[in-house]
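Structure, as structure tokens:
2 protein chains.
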Amino acid sequence: MKYDNFAFDIEHRDPKSRARVGKLKTPHGTIETPNYIFCGTKGAIKNLSAHQMREAKTDIILGNTYHLMIQPGADLVQKMGGLHKFNGWNGPMMTDSGGFQIFSMGHGSIADEIKGRNQKRDKSLLKITEEGAKFKSYWSGETLNLTPEASIDIQRKLGADLIYQFDECTAYHVDREYTASSMERSHRWGDRSLAEFERGHDGSQALYGIVQGGVYEDLRATSCAYTKERPFFGTAIGGCLGGSEEEMDEVVSWCAPQIHPDRPVHLLGIGRIRDVFTFVRQGIDTFDCVSPTRIARHGWALQKGNADERMNLRNARYKDDPLPLDPESDMPYSRDYSRAYLHHLLKVGELLATQIIAQHNVAVINRLMREVRVAIREGTLDDLEKEWLGR
Amino acid sequence: MKYDNFAFDIEHRDPKSRARVGKLKTPHGTIETPNYIFCGTKGAIKNLSAHQMREAKTDIILGNTYHLMIQPGADLVQKMGGLHKFNGWNGPMMTDSGGFQIFSMGHGSIADEIKGRNQKRDKSLLKITEEGAKFKSYWSGETLNLTPEASIDIQRKLGADLIYQFDECTAYHVDREYTASSMERSHRWGDRSLAEFERGHDGSQALYGIVQGGVYEDLRATSCAYTKERPFFGTAIGGCLGGSEEEMDEVVSWCAPQIHPDRPVHLLGIGRIRDVFTFVRQGIDTFDCVSPTRIARHGWALQKGNADERMNLRNARYKDDPLPLDPESDMPYSRDYSRAYLHHLLKVGELLATQIIAQHNVAVINRLMREVRVAIREGTLDDLEKEWLGR
Chain V
791 MKYDNFAFDI
801 EHRDPKSRAR
811 VGKLKTPHGT
821 IETPNYIFCG
831 TKGAIKNLSA
841 HQMREAKTDI
851 ILGNTYHLMI
861 QPGADLVQKM
871 GGLHKFNGWN
881 GPMMTDSGGF
891 QIFSMGHGSI
901 ADEIKGRNQK
911 RDKSLLKITE
921 EGAKFKSYWS
931 GETLNLTPEA
941 SIDIQRKLGA
951 DLIYQFDECT
961 AYHVDREYTA
971 SSMERSHRWG
981 DRSLAEFERG
991 HDGSQALYGI
1001 VQGGVYEDLR
1011 ATSCAYTKER
1021 PFFGTAIGGC
1031 LGGSEEEMDE
1041 VVSWCAPQIH
1051 PDRPVHLLGI
1061 GRIRDVFTFV
1071 RQGIDTFDCV
1081 SPTRIARHGW
1091 ALQKGNADER
1101 MNLRNARYKD
1111 DPLPLDPESD
1121 MPYSRDYSRA
1131 YLHHLLKVGE
1141 LLATQIIAQH
1151 NVAVINRLMR
1161 EVRVAIREGT
1171 LDDLEKEWLG
1181 R
Chain Y
791 MKYDNFAFDI
801 EHRDPKSRAR
811 VGKLKTPHGT
821 IETPNYIFCG
831 TKGAIKNLSA
841 HQMREAKTDI
851 ILGNTYHLMI
861 QPGADLVQKM
871 GGLHKFNGWN
881 GPMMTDSGGF
891 QIFSMGHGSI
901 ADEIKGRNQK
911 RDKSLLKITE
921 EGAKFKSYWS
931 GETLNLTPEA
941 SIDIQRKLGA
951 DLIYQFDECT
961 AYHVDREYTA
971 SSMERSHRWG
981 DRSLAEFERG
991 HDGSQALYGI
1001 VQGGVYEDLR
1011 ATSCAYTKER
1021 PFFGTAIGGC
1031 LGGSEEEMDE
1041 VVSWCAPQIH
1051 PDRPVHLLGI
1061 GRIRDVFTFV
1071 RQGIDTFDCV
1081 SPTRIARHGW
1091 ALQKGNADER
1101 MNLRNARYKD
1111 DPLPLDPESD
1121 MPYSRDYSRA
1131 YLHHLLKVGE
1141 LLATQIIAQH
1151 NVAVINRLMR
1161 EVRVAIREGT
1171 LDDLEKEWLG
1181 R
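Here the protein sequences line up with chains V and Y, keeping their order.
Just so you know, we're using the numbering used here here: the first sequence kicks off at 791 and counts up by one.
Just so you know, we're using the numbering used here here: the second sequence kicks off at 791 and counts up by one.
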């Protein structure tokens, strides 16, 4: 497989950890890594426009195949010129394969935010077979099939730069036996994804494989070997990583030395500030997580130097706080509105608060990633972690 | 009363109507008239920041005394440096007196949007006396009193440039007898407002009187004479203007020749595009209405040249419309997102749509007002009305 319009160059390696600084080139621009990919679930970052994402110095965003295939549909997005043109984001973009949402909805065990569904909805996954997944559209109620071939076809129509093989994301409660057979099937789906990708490959997209295997070291080893041997452009670490920070760190530490060393590595769905520090040391190049914009809706503003990572602006202590969200920021939303004003807006239910805090949170994460890249180059990651988390 | 920091200069009069072009000077800047004052009910324009209002070329905004006295309270706003500092709007600003919301809530007869309340709430007006109005806070449930003195005191603490006498806004269904006695009381409240205003006058604010009298020509004449004789800076036409366009036009036509000819004239709460054309011809200098941002929440985007004034972007005809909201606009939100994308966002409930359409609508209204001013100067108002309303 040729990925001529793509490249991943590792420019610096931290001698004390697996942390590295690189450049990831796509047809829509080159980003520096480590970097953070913001989730535009249904074709939009929650409450933020492409203009506001650029103003917050964002490099790359993500769209969800599952939501977009349901509404407005891949054919419509293609007709409108692709997802870049549709939502106004002209920089690098990623789409997932749709598998995660289908299976998390089926298992009904992961945050509603990620699933993008109402809380009382019935499980929508009808059946998983060798062919793929059959599920009920939350929109129209019709039965839909998602297969490796369909997922690649949809992602081709959406037109993101970085796309994913179809896989099953196993839940926390499943046993070793199910995890193993699911992983094997995901590998077969990976091969079918590769075949379908190659069939239509025109150089505009690059495919990531996904390491599954749950919390089982030997299965992770098998899956690392699988992705390493296949002509994927990048590697993602997916599936269940465990139930605690320590367990997640351990699972990723099994994978880190066994995956392809020269490919960009994405960690699926993990992205608190502390996670960024933990996992860049494991060699993770890109993160994605809904949390920066989701917590904004609850009135939580990210803050450097705060051990809790964030201020809860609904708290009465902010009701007469004249300080802005970040006195050091050069971004209008972080600099020009007081915490007291945002506290008021949250109390009276003005959605403007969400917009302001969401953009601030995105800007904080982008600043975090810029500082992390500098710190890796300069060997000062430990100091930077103390600065950010006050510990 | 001296209004040294304020001025209203009429620079041009239309020979065919009462339309005029002027300059209204305030301590926070000078605006050209006719102009449109956007409603920041609870201290924020719905879904739009002060930055976005400026980007949409807005000249002046408004805050509501009633809502702000309840949350966060005038003392807190004053402590935070006044409403300009609090919400980040550093241009000219108006506040109303609070009377409109109290009485409309009491009568329970005007749009929920203006009242800013939930639909099932009990009537909150407890009693109107000579002293003022007693009502129940929708926030805390406590009994609050709003008097002319309290209204002026609150508006002083909020610190807007243009403020209002306390009045009762009568509802459509009230009879002549009630309208007359209410008007007389509003006049006495006007005198008390003036006295309290003068007591604390430091030159930073200017007071408007309000013409009441409902749909009764002789009462309107009495109220015009009242406001004309008092040392108000500006005149507002308020109260019930009738139930149809024709009736509103007639009521305003009674007032127009009888109010003070040299003072700025504000028409309270009226502001569709067709209303602007109708009432600038009656000599109205400023308008305010919640509609540009309210209709955005329903997916309605204002459009020049549309007899309905607006597109309903929820309509299926827009689902694959690649055009932006306004191909001629230089504003990113009007120019860079397709109707198809906004249709999609509305369908899936992404609030980003509201933000984009709201800013577009504000920009359209500001463009309307700019073009109206030019047309009055050039004597081409009839042509401009045809261009805008296609009729």
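Beta carbons are placed, not taken as given, at the ideal position from N, Cα and C, and that holds for glycine.
Coarse secondary structure for residue i, derived from DSSP in three states
{"i": "Lys-1137(Y)", "result": "helix"}
{"i": "Ile-953(Y)", "result": "strand"}
{"i": "Ala-809(Y)", "result": "coil"}
{"i": "Asp-1172(V)", "result": "helix"}
{"i": "Arg-907(V)", "result": "Legend: pLDDT at Arg-907(V) = 45, less than 50; position of this residue unreliable, value from coordinates given subsequently. Note: Arg-907(V) maps to coil in three-state DSSP."}
{"i": "Thr-879(V)", "result": "The sequence shown places Trp at residue 879(V), not Thr. If DSSP states are grouped into helix, strand and coil, Trp-879(V) belongs with coil."}
{"i": "Trp-929(V)", "result": "coil"}
{"i": "Gly-980(V)", "result": "helix"}
{"i": "Arg-1071(V)", "result": "coil"}
{"i": "Glu-1161(V)", "result": "helix"}
{"i": "Ala-901(V)", "result": "Residue placement at Ala-901(V) is poorly supported in this model, since its pLDDT is 46, which falls under 50; the coordinates still yield a value, given next. Coil, per DSSP."}
{"i": "Thr-848(V)", "result": "coil"}
{"i": "His-1050(Y)", "result": "coil"}
{"i": "Glu-988(Y)", "result": "helix"}
{"i": "Leu-1009(V)", "result": "helix"}
{"i": "Arg-1062(Y)", "result": "coil"}
{"i": "Met-884(V)", "result": "strand"}
{"i": "Thr-1083(V)", "result": "helix"}
{"i": "Lys-1018(Y)", "result": "helix"}
{"i": "Ala-864(V)", "result": "helix"}
{"i": "Phe-796(V)", "result": "coil"}
Chain-ordered chain Y contacts of residue i [CB-CB under 7 Å]
{"i": "Leu-1135(V)", "result": "Ala-834"}
{"i": "Gly-878(V)", "result": "Asp-1126, Tyr-1127"}
Span separating the alpha-carbon of residue i from that of residue j
{"i": "Asn-1105(V)", "j": "Arg-1129(V)", "result": "10 Å"}
{"i": "Glu-1035(Y)", "j": "Thr-885(Y)", "result": "26 Å"}
{"i": "Glu-822(V)", "j": "Thr-1076(V)", "result": "10 Å"}
{"i": "Gly-819(V)", "j": "Ala-1097(Y)", "result": "44 Å"}
{"i": "Ser-1124(V)", "j": "Ser-941(V)", "result": "39 Å"}
{"i": "His-991(Y)", "j": "Leu-1142(Y)", "result": "43 Å"}
{"i": "Glu-1140(V)", "j": "Ala-834(Y)", "result": "7 Å"}
{"i": "Trp-929(V)", "j": "Phe-893(V)", "result": "17 Å"}
{"i": "Leu-1031(Y)", "j": "Asp-1052(Y)", "result": "23 Å"}
{"i": "Leu-1058(Y)", "j": "Gln-1149(V)", "result": "35 Å"}
{"i": "Thr-831(Y)", "j": "Leu-936(Y)", "result": "18 Å"}
{"i": "Thr-1083(Y)", "j": "Pro-1047(Y)", "result": "32 Å"}
{"i": "Tyr-968(V)", "j": "Phe-1022(V)", "result": "25 Å"}
{"i": "Tyr-1108(Y)", "j": "Gly-812(V)", "result": "42 Å"}
{"i": "Gly-949(V)", "j": "Ile-1146(Y)", "result": "24 Å"}
{"i": "Ala-901(Y)", "j": "Cys-959(Y)", "result": "The predicted model places Ala-901(Y) with a pLDDT of 46, which falls under 50 and marks its position as unreliable; any figure quoted below should be read in that light. In a straight line, the C-alpha of Ala-901(Y) is about 14 Å away from that of Cys-959(Y)."}
{"i": "Asp-1111(V)", "j": "Gln-1093(V)", "result": "15 Å"}
{"i": "Ser-914(V)", "j": "Lys-926(V)", "result": "5 Å"}
{"i": "Phe-1069(Y)", "j": "Arg-1010(Y)", "result": "17 Å"}
{"i": "Tyr-1016(Y)", "j": "Phe-956(Y)", "result": "14 Å"}
{"i": "Ile-904(V)", "j": "Met-895(V)", "result": "In this prediction, Ile-904(V) scores a pLDDT of 46, lower than 50, which makes its location untrustworthy; no coordinate-derived value is stated."}
{"i": "Leu-1179(Y)", "j": "His-874(V)", "result": "35 Å"}
{"i": "Asn-837(V)", "j": "Arg-1087(V)", "result": "9 Å"}
{"i": "Arg-808(Y)", "j": "Val-1055(Y)", "result": "12 Å"}
Assumed close pair residue i, residue j - CB separation to whole angstroms, cut-off 8 Å
{"i": "Gly-858(Y)", "j": "Phe-828(Y)", "result": "Correcting the residue type first, residue 858(Y) is Leu in the shown sequence and not Gly. About 16 Å separates the two Cβ atoms, so there is no contact after all."}
{"i": "Ile-953(V)", "j": "Gln-995(V)", "result": "5 Å"}
{"i": "Ser-1043(V)", "j": "Gly-1061(V)", "result": "Their Cβ separation, rounded to whole angstroms, is 18 Å, which puts Ser-1043(V) and Gly-1061(V) out of contact at 8 Å."}
{"i": "Met-1038(Y)", "j": "Gln-1002(Y)", "result": "Incorrect: roughly 15 Å between the Cβ atoms, too far for contact."}
{"i": "Gln-1072(V)", "j": "Val-1138(Y)", "result": "Wrong, their Cβ atoms sit about 35 Å apart, outside the cutoff."}
Within chain V, partners of residue i - CB distance below 7 Å
{"i": "Val-1138(Y)", "result": "Lys-832, Gln-861"}
{"i": "Leu-1141(Y)", "result": "Asn-837, Leu-1141"}
In DSSP terms, what residue i is bridged to
{"i": "Trp-1090(Y)", "result": "Asn-1102(Y)"}
{"i": "Thr-1025(V)", "result": "Gly-999(V), Val-1055(V)"}
{"i": "Asn-1114(Y)", "result": "According to the sequence displayed, residue 1114(Y) carries Pro and not Asn. The partner list for Pro-1114(Y) (beta bridge, DSSP) reads Ser-1128(Y)."}
{"i": "Asp-1078(Y)", "result": "Ile-827(Y)"}
Interface residues of chain Y facing residue i [CB-CB closer than 8 Å]
{"i": "His-841(V)", "result": "Pro-1122, Tyr-1123, Asp-1126"}
Under 8 Å from the C-beta of residue i: neighbouring residues of chain V
{"i": "Asp-1110(Y)", "result": "Leu-866, Lys-869, Met-870"}
{"i": "Ile-1146(Y)", "result": "Ser-839"}
Chain-ordered neighbours of residue i on chain V, where CB pairs are closer than 9 Å
{"i": "Ala-1130(Y)", "result": "Pro-862, Leu-866, Lys-869, Met-870, Phe-876"}
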